[in-house]
Amino acid sequence: MMTWKKLIESADLEMKRGTLLRFAAGQPFESHVVMMVCEAPDKSDRLGLITISGYKAGINCYVVFPKETSPYHVSTRWLIDNWQLWVWPDGDVHEVEVHEPLNALEIE
Numbered sequence: 018m019m020t021w022k023k024l025i026e027s028a029d030l031e032m033k034r035g036t037l038l039r040f041a042a043g044q045p046f047e048s049h050v051v052m053m054v055c056e057a058p059d060k061s062d063r064l065g066l067i068t069i070s071g072y073k074a075g076i077n078c079y080v081v082f083p084k085e086t087s088p089y090h091v092s093t094r095w096l097i098d099n100w101q102l103w104v105w106p107d108g109d110v111h112e113v114e115v116h117e118p119l120n121a122l123e124i125e
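Residue numbers (our numbering): 18 to 125.
Listed below in structure tokens is the structure:
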């Protein structure tokens with residue numbers, strides 16, 4: 018069983034590639050969406066988010082984070098502070114849930 022925790026309560030200082038984020042969304046997504054921290058497709062050493070649930074799963078990198086984020090990880094504090102600017106303008110960061118990268122045996 019997958020255990021999710023609130024992003025704002027996360028003790029992790031940074032999120033690495035594979036970290037999952039689940040949050041309430043809307044058009045062009047479903048009512049809730051899961052995104053995964055991924056490498057930027059431009060090979061810039063930056064990270065971004067790709068949708069892994071619903072109709073838009075796997076289509077394209079949803080967002081590439083700016084150069085001010087560190088290479089190969091995203092500061093949890095930066096993501097919380099910039100949630101509405103960089104991820105979901107209408108979203109409430111207090112409702113965002115996070116899960117560490119999956120182990121293959123967690124997927125049923």
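Using N, Cα and C, we set each Cβ at its ideal position, and we do this for glycine too.
Original post:
Among residues of its own chain, excluding the 5 on either side of T86, which ones have a beta-carbon nearer than 8 Å to its beta-carbon?
Top reply: Position 69 of the sequence shown, counted from the first residue, corresponds to residue 86. Taken in chain order, the residues that qualify are R63, L64, S92, W95.
Original post:
How do the region 63-83 and the region 105-114 stand: do at least 3 beta-carbon pairs fall below 8 Å, yes or no?
Top reply: No: fewer than three Cβ pairs fall under 8 Å.
**OP:** Mark L24 as exposed unless 16 or more other C-beta atoms lie within 10 angstroms of its C-beta, in which case mark it buried.
**Re:** For this step, residue 24 is matched to residue 7 along the sequence shown. Buried is the call here.
Subject >> Under the three-state DSSP convention, the category I69 falls into >> reply: Taking the sequence shown and counting its residues from 1, the one referred to as residue 69 is at position 52. Coil.
Subject >> Within 8 Å, strictly: CB atoms of M52 and I76 >> reply: Taking the first residue of the sequence shown as position 1, residue 52 is located at position 35. Taking the first residue of the sequence shown as position 1, residue 76 is located at position 59. Contact flag unset, no.
Original post:
Do L37 and H116 have their C-beta atoms closer together than 8 Å?
Top reply: Locating residue 37 in the sequence shown gives position 20, counting from the first residue. Locating residue 116 in the sequence shown gives position 99, counting from the first residue. In contact: L37 and H116 (Cβ atoms closer than 8 Å).
**OP:** Determine the contact status of K33 and V54, defining contact as a CB-CB distance below 8 Å.
**Re:** Residue numbering aside, residue 33 sits at position 16 when the sequence shown is read from its first letter. Residue numbering aside, residue 54 sits at position 37 when the sequence shown is read from its first letter. Yes, Cβ-Cβ distance for K33 and V54 is below 8 Å.
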